[in-house]
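Asks:
There are 2 protein chains.
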Amino acid sequence: MFENKERTELGDLGEFGLINHLASFFENKNASTVMGIGDDAAVIDNGGSDYGLLTVDAMFEGIHFDLSFHPLKHLGYKAVATAVSDICAMNGTPTQILVSLGLSNRFSLEAVEELYAGIRLACDKYSVDLAGGDTTSSPRGLSLTVTVYGHVAKDKICKRSGAQEHDLLVVSGDLGSAYMGLQILEREKKVFMEQPNMQPDLSGHEYIVGRQLRPDARMDVVQTLAELGIVPSSMIDISDGLASEIHHLGMHSGCGFDVYDEKLPIDPQAVTQALNFDLNPSVVALNGGEDYELLFTVAQEHYDKIKSHPDFTIIGHATANKGAYRLIGKSGASFDIKAQGWQHFKG
Amino acid sequence: MFENKERTELGDLGEFGLINHLASFFENKNASTVMGIGDDAAVIDNGGSDYGLLTVDAMFEGIHFDLSFHPLKHLGYKAVATAVSDICAMNGTPTQILVSLGLSNRFSLEAVEELYAGIRLACDKYSVDLAGGDTTSSPRGLSLTVTVYGHVAKDKICKRSGAQEHDLLVVSGDLGSAYMGLQILEREKKVFMEQPNMQPDLSGHEYIVGRQLRPDARMDVVQTLAELGIVPSSMIDISDGLASEIHHLGMHSGCGFDVYDEKLPIDPQAVTQALNFDLNPSVVALNGGEDYELLFTVAQEHYDKIKSHPDFTIIGHATANKGAYRLIGKSGASFDIKAQGWQHFKG
Numbered sequence: 001m002f003e004n005k006e007r008t009e010l011g012d013l014g015e016f017g018l019i020n021h022l023a024s025f026f027e028n029k030n031a032s033t034v035m036g037i038g039d040d041a042a043v044i045d046n047g048g049s050d051y052g053l054l055t056v057d058a059m060f061e062g063i064h065f066d067l068s069f070h071p072l073k074h075l076g077y078k079a080v081a082t083a084v085s086d087i088c089a090m091n092g093t094p095t096q097i098l099v100s101l102g103l104s105n106r107f108s109l110e111a112v113e114e115l116y117a118g119i120r121l122a123c124d125k126y127s128v129d130l131a132g133g134d135t136t137s138s139p140r141g142l143s144l145t146v147t148v149y150g151h152v153a154k155d156k157i158c159k160r161s162g163a164q165e166h167d168l169l170v171v172s173g174d175l176g177s178a179y180m181g182l183q184i185l186e187r188e189k190k191v192f193m194e195q196p197n198m199q200p201d202l203s204g205h206e207y208i209v210g211r212q213l214r215p216d217a218r219m220d221v222v223q224t225l226a227e228l229g230i231v232p233s234s235m236i237d238i239s240d241g242l243a244s245e246i247h248h249l250g251m252h253s254g255c256g257f258d259v260y261d262e263k264l265p266i267d268p269q270a271v272t273q274a275l276n277f278d279l280n281p282s283v284v285a286l287n288g289g290e291d292y293e294l295l296f297t298v299a300q301e302h303y304d305k306i307k308s309h310p311d312f313t314i315i316g317h318a319t320a321n322k323g324a325y326r327l328i329g330k331s332g333a334s335f336d337i338k339a340q341g342w343q344h345f346k347g
Numbered sequence: 001m002f003e004n005k006e007r008t009e010l011g012d013l014g015e016f017g018l019i020n021h022l023a024s025f026f027e028n029k030n031a032s033t034v035m036g037i038g039d040d041a042a043v044i045d046n047g048g049s050d051y052g053l054l055t056v057d058a059m060f061e062g063i064h065f066d067l068s069f070h071p072l073k074h075l076g077y078k079a080v081a082t083a084v085s086d087i088c089a090m091n092g093t094p095t096q097i098l099v100s101l102g103l104s105n106r107f108s109l110e111a112v113e114e115l116y117a118g119i120r121l122a123c124d125k126y127s128v129d130l131a132g133g134d135t136t137s138s139p140r141g142l143s144l145t146v147t148v149y150g151h152v153a154k155d156k157i158c159k160r161s162g163a164q165e166h167d168l169l170v171v172s173g174d175l176g177s178a179y180m181g182l183q184i185l186e187r188e189k190k191v192f193m194e195q196p197n198m199q200p201d202l203s204g205h206e207y208i209v210g211r212q213l214r215p216d217a218r219m220d221v222v223q224t225l226a227e228l229g230i231v232p233s234s235m236i237d238i239s240d241g242l243a244s245e246i247h248h249l250g251m252h253s254g255c256g257f258d259v260y261d262e263k264l265p266i267d268p269q270a271v272t273q274a275l276n277f278d279l280n281p282s283v284v285a286l287n288g289g290e291d292y293e294l295l296f297t298v299a300q301e302h303y304d305k306i307k308s309h310p311d312f313t314i315i316g317h318a319t320a321n322k323g324a325y326r327l328i329g330k331s332g333a334s335f336d337i338k339a340q341g342w343q344h345f346k347g
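Going down the list, the sequences are from chains W and C.
Using the working numbering, you'd call the opening residue of the first sequence number 1 and step up by one each time.
Using the working numbering, you'd call the opening residue of the second sequence number 1 and step up by one each time.
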């Protein structure tokens with residue numbers, strides 16, 4: 001099976017390369033496995049009118065969050081929200097979660113209670129039940145792994161595949177705010193490390209900082225789509241950045257995408273801060289990640305319903321030009337959208 | 001919700017105390033949550049003739065395993081087997097797993113492939129599909145979190161509750177071997193650290209060492225019980241040790257248990273090594289843990305079927321003496337069985 005005994009660094013493959021490589025050694029045996037590796041959630045046929053949906057998301061201290069500026073209550077909320085977001089991306093409804101917690105001995109009961117207070121808030125917000133999990137000591141730091149189970153009507157499921165030429169490319173909410181919030185938090189942390197008497201100044205940045213510390217899963221978008229009578233032809237949530245998710249939709253659907261730069265929805269706070277940090281706001285929107293908005297395609301017939309809805313922005317459309325993902329500027333000039341994603345394993 | 005702001009050490013509660021404490025702040029909202037926290041797996045009603053079962057198990061390097069003697073392939077197998085064991089404990093059949101992997105940069109692709117080779121072996125053995133997961137870098141060491149989804153016919157489900165007075169207490173396989181295997185491995189590691197030229201000597205200990213490094217989930221027992229036409233009145237898997245699991249069954253069922261010392265099934269290799277290490281073999285069987293055997297109760301009418309089966313040992317019976325768990329020796333003297341479990345959070 002694995003003959004090559006030389007040492008290959010994980011960073012050479014990246015997360016997606018690694019997952020695809022490992023997945024290639026597995027075959028599904030059970031008829032109930034409708035879809036396994038390769039979408040936002042696994043799809044399970046329990047024999048009823050709905051599919052079961054199953055997903056897991058892990059967060060490690062020092063990699064995914066920094067407790068020096070991330071309150072534990074917000075972190076508990078975020079861990080649930082980001083995992084629930086994967087069920088939303090399938091057009092599904094979450095119902096149960098399991099929380100697996102790794103704790104070093106630096107955490108007290110009171111700290112764990114803060115974390116669970118946030119988990120409970122998220123359970124209430126998304127109407128999910130905490131149905132189990134495990135709690136164990138970890139050699140260092142905090143880790144949170146959240147499993148979410150949910151369901152979706154068989155005729156309403158949205159996969160990454162399914163986008164057709166001419167379909168509209170739509171995104172909910174705004175992009176890049178969570179990334180700019182993180183830049184602010186890291187800057188204030190640095191100031192505080194150098195001058196411990198300085199208080200962190202987050203005034204005027206409440207929205208973007210909140211998007212980083214306490215994002216929401218767009219369950220409301222799933223409900224809105226149902227009310228509008230729209231089943232997207234493909235859907236994904238934006239965790240790694242718009243650019244990366246566009247690549248996923250294109251790759252699974254076998255199409256290309258034209259995206260219009262001026263259409264990218266970016267909050268004024270994020271624009272201002274991007275410029276302050278000498279960053280191009282469009283690049284921040286494309287590659288920032290952690291927005292947990294939904295990116296989806298719909299048939300052109302839904303244009304009026306989508307266009308007039310305040311939660312949605314049509315940012316482009318699918319093309320027959322498979323594998324071509326273009327950002328088109330005001331002048332008509334275009335450049336290729338590269339998928340960055342998170343390169344956790346790099347240096 | 002959490003007013004007390006003093007610092008309480010997690011070790012003062014222990015794992016079970018912590019879980020019970022946190023669970024008390026949550027209420028189930030969804031009718032599909034048949035059973036949440038407090039059994040081997042969550043029980044989900046998808047509307048069909050079967051319940052869905054969902055469980056998660058995390059393993060951290062330095063806490064649950066030691067890579068200096070645990071081959072990665074065996075570790076991958078063990079992570080799946082121990083999680084699948086929780087589905088077996090509900091009398092269920094596992095169908096899908098998700099694997100969430102945390103990796104520090106000391107791991108190469110080849111190391112990860114070894115791990116997945118073991119995961120694949122376990123997937124084949126238990127007929128489960130690897131249906132997703134995530135892979136991320138961790139700040140230190142390796143962690144593996146395995147989620148398992150499965151199902152069980154509604155009239156065949158076995159919970160921790162349900163044991164009745166006079167029911168027979170039955171265990172599959174043998175007890176204490178995994179613990180004695182670990183003692184051998186740790187002794188040989190110590191010898192090797194002190195004298196690097198010495199080769200570890202595991203000859204004659206193959207069985208008990210194998211029980212530690214590569215345990216199996218007793219899916220075969222679930223099948224045997226079905227063939228014998230037996231639905232246990234209660235069931236649990238032995239991960240923390242027989243003593244601890246007896247307490248769980250008694251607490252959830254509202255009964256006591258009398259256990260006969262001479263009936264405890266202990267492999268001769270484990271007996272020999274327990275004596276070599278100056279340990280009482282019965283204590284090892286009671287508190288060793290990691291056996292992943294099934295402990296269950298059945299009505300007396302099944303006595304003949306159970307008694308004659310080579311996989312099963314009747315070790316005692318349920319009593320009306322709620323909360324009393326007695327080990328009865330040959331002489332008739334008895335002593336209380338204390339639940340040790342794993343005290344991860346202790347010093």
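All C-beta atoms, glycine included, are put in the ideal place defined by N, C-alpha and C.
Just so it is clear, the structure is predicted and the values come from calculations on it, not from any experiment.
Return no unless some Cβ of chain C is closer than 8 angstroms to the Cβ of W:R211.
Replies: no
Asks: I'd like to know if C:S234 contacts chain W, where contact means its C-beta is closer than 8 angstroms to some C-beta of that chain.
Replies: no
Asks: On the DSSP bridge list, what partners appear for C:G38?
Replies: Beta-bridge pairing links C:G38 to no other residue.
Asks: Should the stretch 125-136 of chain C be called in touch with the stretch 196-204 of chain C, which here means at least 3 C-beta pairs below 8 angstroms?
Replies: no
Asks: Do W:Y325 and W:H252 come within 8 angstroms of each other at the CB atom, strictly closer than that value?
Replies: no
Asks: If we call anything under 8 angstroms between Cβ atoms a contact, is W:R160 one with W:D39?
Replies: yes
Asks: Taking buried to mean at least 16 other C-beta atoms within 10 Å of its own C-beta, is C:L10 buried or exposed?
Replies: buried
Asks: When you compare only the Cα positions, how much space is there between W:E113 and C:I63?
Replies: 23 angstroms
Asks: Thinking C-alpha only, which one of W:P310, W:L275, W:F107, W:G76 is nearest W:V171?
Replies: Comparing Cα positions, the closest option is W:P310.
Asks: For C:F335, would you say it is in contact with chain W, using Cβ-to-Cβ distances shorter than 8 angstroms as the test?
Replies: At a cut-off of 8 angstroms between C-beta atoms, C:F335 does not count as an interface residue with respect to chain W.
Asks: Is the number of C-beta pairs between the stretch 137-144 of chain W and the stretch 161-170 of chain W that are closer than 8 angstroms three or more?
Replies: no
Asks: If you draw a straight line from the alpha carbon of C:V56 to that of C:A42, how long is it in whole angstroms?
Replies: 10 angstroms
Asks: If you draw a straight line from the alpha carbon of C:T356 to that of W:T272, how long is it in whole angstroms?
Replies: There is simply no residue 356 of chain C to check, as chain C begins at 1 and stops at 347 in what is shown.
Asks: Counting only beta-carbon atoms, is C:V152 nearer than 8 angstroms to chain W?
Replies: Chain W contact via Cβ: absent.
Asks: Distance check for W:E15 and W:I119, CA to CA, integer angstroms please.
Replies: 27 angstroms
Asks: What residue range does the beta strand (DSSP E) around W:D237 cover?
Replies: 234-237
Asks: Just list the residues that DSSP pairs W:Y325 with in beta bridges.
Replies: W:F257
Asks: Could one say the Cβ of C:F2 lies closer than 8 angstroms to chain W's Cβ atoms, at least one of them?
Replies: With a pLDDT of only 47 at C:F2, under the threshold of 50, the placement of this residue in the model should not be trusted; the figure read from the coordinates follows. So yes, C:F2 belongs to the interface.
Asks: For chain D, check one thing: does any of its Cβ atoms lie closer than 8 angstroms to the Cβ of W:L103?
Replies: The structure shown contains no chain D; its protein chains are W and C.
Asks: Return the chain-ordered list of same chain residues with a C-beta closer than 6 angstroms to the C-beta of C:Y77, the five sequence neighbours on each side being excluded.
Replies: G118, L121, A122, R214
Asks: For W:Y51, which three-state DSSP category applies?
Replies: strand
Asks: Could you tell me if C:G173 is buried or exposed, where buried requires 16 or more neighbouring beta carbons within 10 angstroms of its beta carbon?
Replies: buried
Asks: Are the CB atoms of W:I236 and W:A89 within a distance shorter than 8 angstroms?
Replies: yes
Asks: Whole angstroms are fine: how far does the CA of C:Y116 sit from the CA of W:L22?
Replies: 7 angstroms
Asks: I'd like the span of the alpha helix (DSSP H) that includes C:L96, first residue to last.
Replies: First, the amino acid is wrong: residue 96 of chain C is Gln here, not Leu. No alpha helix (DSSP H) contains C:Q96, which is instead part of the beta strand (DSSP E) from 93-103.
Asks: Any chance you could list the alpha helix (DSSP H) runs of at least 4 consecutive residues sitting entirely within the stretch 183-242 of chain C, in chain order?
Replies: The alpha helix (DSSP H) runs lying completely inside the stretch 183-242 of chain C and spanning 4 residues or more are 206-213, 219-228, given in chain order.
Asks: Indicate whether at least one CB of chain C lies closer than 8 angstroms to the CB of W:V84.
Replies: no
Asks: In chain order, which continuous runs of the beta strand (DSSP E) of length 3 or greater are located wholly inside the stretch 289-320 of chain C?
Replies: 294-298, 312-319
Asks: Judging by CA-CA distance, which residue of W:L13, W:D134, W:T297, W:D12 is the nearest neighbour of C:N20?
Replies: W:D134
Asks: Measuring CA to CA, which of W:D86, W:A111, W:T93 is closest to W:H70?
Replies: Comparing Cα positions, the closest option is W:A111.
Asks: Do you know offhand how far W:H344's Cα is from W:F257's?
Replies: In this prediction, W:H344 scores a pLDDT of 46, lower than 50, which makes its location untrustworthy; the coordinate-derived value is nonetheless stated afterwards. The straight-line gap from Cα to Cα measures roughly 26 angstroms.
Asks: Of all Cβ atoms in chain C, is any one closer than 8 angstroms to the Cβ of W:Q96?
Replies: yes
Asks: So the alpha helix (DSSP H) C:Y126 belongs to, where does it begin and stop?
Replies: Neither: C:Y126 is in no alpha helix (DSSP H) and is coded neither H nor E.
Asks: If I measure Cβ to Cβ from W:S85 and keep anything under 6 angstroms in the same chain, skipping five residues before and after, which residues do I get?
Replies: Answer for W:S85: A217, D237, Y292, listed in chain order.
Asks: Would you mind sorting C:K73 into buried or exposed? The rule is 16 or more other CB atoms within 10 Å of its CB.
Replies: buried
Asks: Verify whether the separation of the beta carbon atoms of C:V221 and C:L294 is less than 8 angstroms.
Replies: yes
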